[in-house]
Every structure is written in C-alpha cells, then in structure tokens.
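Have a look at the structure below before the remarks.
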Amino acid sequence: MQEINILWFKKDLRIDDNEALLESLKDRDIIPIYIIEKELWMQKTHSDRQWQFCKESLLDLRNSLKNIGQPLIIRTGEVIEIFEEISKKFYIKAIYSHQETGDYFSYKRDQEVRKWASSKEIIWKEYLQFSVFRGNLDRNYWSKKWQKNMEKKLFIKPTKINPVEIEKGEIPPDDYFFFKKDLCNGRLKGGRENGLKRMEYFFSSKLNSYSKDISSPEKSFDSCSRLSPFISWGCISLKEIFYKANLYQNNNSKMLKSRLTWHCHFIQKLESEPELEFKEFHPYFHKIRKKDNNLLQLWSEGKTGFPFLDACMRSLNFNGWLNFRMRAMLMSFASYNLWIPWQESGKELASKFIDYEPGIHWNQCQMQSGTTSININRIYNPIKQGKDHDPKGTFIRKWVPEIKDYPENFIHEPWLMERFNLSKYSNSKYTKPIIDIIQTTKIARKKIQEITQKEGYWDISKEVYLRHGSRKKSPKNRPHNQKKINLKEKELQYELTLDL
Ligand SMILES: Cc1cc2nc3c(=O)[nH]c(=O)nc-3n(C[C@H](O)[C@H](O)[C@H](O)COP(=O)(O)OP(=O)(O)OC[C@H]3O[C@@H](n4cnc5c(N)ncnc54)[C@H](O)[C@@H]3O)c2cc1C
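This note's numbering puts the first residue of the sequence shown at 689, with every later residue one more than the last.
Put into structure tokens, the structure is as follows:
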C-alpha cells in the first residue's frame, strides 16, 4: 500500500501562503482533498449563495493544484467515512489541515475526527489559518502574539505535487442540497483569482477613500475592501492582506489593519468558548426574548415599513454583503425593537452573508443584542441612520421602489405624509411600520437595564471580561460613548468600540 499524507482543505481554499500544504509535502506524496459535508451545509446558517461562492473557489483551487501536478480531490459525505474509504487503498501517515474555528458542527466533527485518527494512529497536524490560538490563552498578551504571527513571512506556494492515483471526484449538482432558491445576483464571485483582483482594485483605487465612505451603504459597496468572503473561504490569507497594507503607511491602511485585528479578536472568543454560537455571554440574558416567525419574516424580507432598514435588508438579499454599520442596525432592530432571540435572527442573517464567519458573526449578533455585558449597548434608530447615511434617500429609492417618487422630506418617514393628507402614502403598496420605534426602544432599554441591576450581575460580567474582553480601554475623548450609562457600567466599559 502506498504511504500518503492527506491534505484536508477546509476554509483555506488556496495554495499560496498555506503552511499545512507545504508541511504535508515534506516527507511523502499527498492527497489534497475537500469534503462536501451535507449535514454542515443543511444548517440554517448556510445557503445556496455561500455554496455557489464555495463552488467557484473549489474549481479555482482544483485548477491551481492541477497546474502543479495533482488536481483537488473532491468527495461528498461524512469526513470519517471518506477517510476510512481512503485508508482502504492507502496507508495514511498523517492528516494536515488548518486549525479551524468554525461553527459548533465543525467543532464537534473535529473532535470525532481527532478520536478516529488517534484510534488509527494517524497524526493530525493543524496549522494557523488566522492569528487565533488554541489552548489556555492569556488575553493580556494576545495582541503581541497576533502581531508576531502576522509579521511572519508568507509561505511560498509549492511548484510541484506528485500525482497520486485516485479518482478525482466531482462536485455534486446544485439540487443536491435542497437549498431554497436564492439567486443573489449581485454577489461577488468566489475563487482566489477574483479575490486578488478585488484586493488589487481596493489598494490601488479605493484605499484613500476607505475611511470616508465606510458607513454609507451605497458608497461602501465600492469603497470598502469587500475582501471578507475571500478571507472567510480562505481564497486569500489574512497575512497577505496585512502585508499589502504594510506597503501603504497611512491612516487608511492603519484602519484596515485594525480591522484585521478585530477579525481575529472575535474569532478568538469563539475558539475559547464554542457555545457562544447559541449561549449568551452573560447567563442573565438567557431566553429573555420571544420567537415570532411573522416578525422575523417581515424583517428578513425587508417589509418592516422603515424605508432605510428595508432598503438595507433588500440590498443584502440581492448582494450577499452589507457594510458593518448597516449589519449592526439590522441586528439591533431585530433584537431590541422586534425583541426576537438573536439566535433566530442571527441564523437568518448568517445565511444571507457570503462571508459568514461564525466567530465574528455570533459575537456581533450578541454585541448588537446587548447580551455580552462587556460592550457598550447601542440601539440604532433606522430613521436617524437613514438621514445620516442616505440623506437624499437615493439608496432607499433604489431598493424600495414602492416609494421611489416620494418627496425628499418624507422619504425616511413616509407615514408622516398622512398628516398632510397626501394620498400617495395611503394608496401606496409600501407597508406601514410594523412597530412603534420610540416605544419599543424605550421598553427594550428598560428591560436590559433591569437585568443589569439584578444581584450578582456585575460579578459575572467581570468574569466574562477576564475571559473575553479586549484589553484596550475606550479612549477618554469619546464622551458620546459614556452618555447614558450609569457609574457602575462606566467602570465596566472595557471594550474598545470600532472607530466608525
Ligand atoms: C451582526 C453582524 C454580523 C457580522 N457577520 C460577519 C460575518 O459573518 N463575517 C464577516 O467577515 N464579518 C461579519 N461582520 C463584520 C463586518 O460587518 C464585516 O467584516 C465587513 O462588513 C466586511 O466587509 P469588508 O470586507 O469590506 O470589510 P473592511 O471594512 O474592508 O475590513 C477588512 C476586513 O476586516 C475584518 N473586519 C472588518 N470589520 C470587522 C468587524 N466589525 N469585526 C470583525 N472583523 C471585521 C473583515 O475580515 C474584513 O474583510 C458582521 C458584523 C455585524 C454587525
């Protein structure tokens, strides 16, 4: 039997800067494989749009590998079964992969694979994908560790892989997964080549206006890097972007690098506590909200009656991407104004993002729902956000055509037209607001505050901070952060908010 190593591609779909790939090649021939796991893909957080992006990336990777001698092997099924099958024909010496911090499914699957490998005396070697570290971690030194790893040299891609005789395997047809029909016509296409083009375009043409347009939903489509899906699927490594950013020494490149730090900072939390995908950081927030499928659906389809919010959701439905601020606003509305459990709205949002990254996503969902206890709680008002970031209503008119002819004065609050007896609104097909924004905000704020006043709340919050909190303090020159928080809360505002 031929002795081989398995190079298990997970969410690192590239041959450049791939340490696991390089290491796997050092002592014997390899089988580079990607396993399509139906059970993983059938979760509510996953979707056709993500699959299409992944498929494009797989085809691109298959090509890159073929060019150096051994195309990507593709199998569909459960990981252990596939490895078992391979072990009948080859003597598997070791498995190489990146160190994944994925969702709970992949966490559990990896535990099983580890048990299986050890029972077969197969070594499983994992290498860093991001600057996210395993084991007992001292948060006080995390930033230094992050920096040190990011400054390491890039791994040069291999130039030759000896072919191994094994059936190549095909990608299953799209109907294999029974996904809901999800065209997402505006999304970026997957694959390293597309990622590199996007990176080149961003650095050569957009870096200079990066900070200026980051919060406008319209302009950010072009001005943000939009590298997130390529990072999530591993078409480009975080280090490659960091290297590129280092070539430009200005505030914008600094800002980009700080976001790359946040990327790992959040994933590190899930690495340390995988249950955060469904369990609140602070237990006092457990089950405080109520499931409401009707409200969830109206929100998800962009039919809440708040034009700017609906425009953002509809544009996300079409493009599979939205900027940070608007994601936060959508989440905040679902959690505070609709009072829906973040786990439910979070799944819905995850499936819409082609860049779904569990570590960032579930942290952000909890942050925007007030359940971490170590972040400043923000309740976004969609009317104010609209006026600030789409003052003329251009974005609204594009995505909410039902009101595209409304006068500028009313575009953010069309219901006010009734007061002026303007028949356009009463005849419009556009829905009336599904909730009272002022009332629901007040109630939500009160409910959260009441929880913070319960006995023992702050002791637990301190423990959460010690485990997960960023060690950077909120800068003193940001008085707006401190506005409506009481003294005790003030002391506990450990987390640095993003400079948006
Ligand atoms: C509710 C909610 C859910 C989110 N879910 C995801 C998700 O599933 N996947 C995801 O990649 N991002 C997520 N984000 C973070 C952020 O919105 C996106 O990373 C960003 O919009 C991606 O666009 P970009 O690549 O143009 O980012 P840029 O602004 O150009 O930033 C460059 C990179 O830095 C990282 N980054 C930027 N902002 C953040 C942030 N706030 N937190 C952590 N990393 C950041 C990303 O890797 C991003 O690609 C979420 C934010 C919120 C509020």
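Backbone N, C-alpha and C fix where the C-beta goes; we use that ideal spot for every residue, glycine too. Here the structure is a predicted model, which means the values were calculated and not measured.
Item: GLU959 and THR733 - do their beta-carbons sit closer together than 8 Å?; Value: no
Item: Measuring alpha carbon to alpha carbon, tell me which residue in GLY883, ILE1067, THR1128, ILE1136 is nearest ASP704.; Value: GLY883
Item: Should ILE723 and ILE694 be called a contact, given that it needs their Cβ atoms to be closer than 8 Å?; Value: no
Item: Exposed or buried, which one is ASP736 when buried takes at least 16 other CB atoms within 10 Å?; Value: buried
Item: What are the start and end residues of each continuous alpha helix (DSSP H) run of 4 or more residues lying completely inside the segment 1062–1143, in chain order?; Value: 1070–1077, 1082–1087, 1111–1115, 1125–1140
Item: Quick one: give me the first and last residue of the alpha helix (DSSP H) that ASN938 is part of.; Value: It is not in any alpha helix (DSSP H) - ASN938 carries neither H nor E in the DSSP assignment.
Item: Checking 8 Å against the spacing of the C-beta atoms, do LEU997 and PRO905 come in under that value?; Value: no
Item: With distance defined between alpha-carbon atoms, name the residue in PHE843, LEU709, GLN1141 nearest to GLU928.; Value: PHE843
Item: Applying the 10 Å Cβ sphere with the 16-neighbour rule, what's the burial state of LYS975?; Value: exposed
Item: Closer than 7 Å: is that where the CB of SER916 sits relative to any heavy atom of ligand 1?; Value: yes
Item: Tell me, to the nearest whole angstrom, how far the beta carbon of PHE930 is from that of SER913; I am working on the premise that it is less than 8 Å.; Value: So it is not a contact: roughly 12 Å between Cβ atoms.
Item: Under a Cβ-count criterion, where at least 16 other Cβ atoms within 10 Å of its own Cβ denotes burial, should GLY1074 be classed as buried or exposed?; Value: buried
Item: Under 7 Å: does the beta carbon of SER913 sit that close to some heavy atom of ligand 1?; Value: yes
Item: Under a three-way DSSP split, which group does PHE697 fall into?; Value: strand
Item: Roughly how many angstroms separate the alpha carbons of LYS1164 and TYR936, rounded to a whole number?; Value: For LYS1164, the predicted model reports a pLDDT of 45, less than 50, meaning its position is unreliable; a value from the coordinates is still stated below. Their backbone Cα atoms lie some 28 Å apart in a straight line.
Item: Can you say whether ASP791 is buried or exposed, counting buried as having 16 or more other CB atoms within 10 angstroms of its CB?; Value: buried
Item: DSSP on PRO971, reduced to helix/strand/coil?; Value: helix
Item: Quick one: residues in its chain with C-beta nearer than 6 Å to the C-beta of PHE966, no 5 flanking neighbours on either side, listed in chain order?; Value: GLN1031
Item: Can you tell me whether DSSP reads PHE909 as helix, strand or coil?; Value: helix
Item: Would you list, in sequence order, the uninterrupted beta strand (DSSP E) runs of no fewer than 3 residues that lie entirely inside the segment 694–767?; Value: 718–724, 761–764
Item: Relative to the C-alpha of GLY701, which candidate in PHE1098, ASN1065, ILE919 has its C-alpha closest?; Value: As written in the sequence, residue 701 is Leu, which differs from the Gly given in the question. Looking at the Cα atoms, ILE919 is the closest of the given residues.
Item: Who are the near neighbours of LEU816 in its chain, counting only those whose CB is closer than 8 Å to its CB and skipping five residues on each side?; Value: GLU707, HIS786, GLN787, ASN837
Item: Who are LYS813's beta bridge partners in DSSP?; Value: TYR784
Item: For LEU710, which residues in the same chain have their Cβ closer than 7 Å to its Cβ, ignoring the five residues on either side in sequence?; Value: PHE843, PRO846
Item: Alpha carbon to alpha carbon, what distance is there between PHE1083 and HIS1077?; Value: 9 Å
Item: How is GLN1056 classed by DSSP in three states: helix, strand or coil?; Value: coil
Item: Can the beta-carbon of CYS1000 be found closer than 8 Å to that of MET1019?; Value: no
Item: Give the DSSP-derived three-state secondary structure of PHE793 in the structure shown.; Value: helix
Item: Check the DSSP bridge columns for GLN690 and list the partner residues they point to.; Value: PHE778
Item: Helix, strand or coil: how does DSSP classify TYR898 here?; Value: coil
Item: Check whether the Cβ atoms of ARG886 and LEU895 lie closer than 8 Å to each other.; Value: no
Item: Assuming LEU926 and HIS951 make a contact with CB atoms under 8 Å, what is their CB distance in whole Å?; Value: 7 Å
Item: Can you list, in chain order, the residues of its chain whose CB lies under 6 Å from that of GLY1034, leaving out five sequence neighbours each side?; Value: CYS1053
Item: Count the other CB atoms within 10 Å of the CB of ARG1107; is the residue buried (16 or more) or exposed (fewer)?; Value: exposed
Item: Count the other CB atoms, across all protein chains shown, that sit within 10 Å of the CB of ILE692; report buried if there are 16 or more and exposed otherwise.; Value: buried
Item: Can you tell which of LYS991, LEU1026, PRO1079, SER1158 has its C-alpha closest to the C-alpha of SER1061?; Value: SER1158
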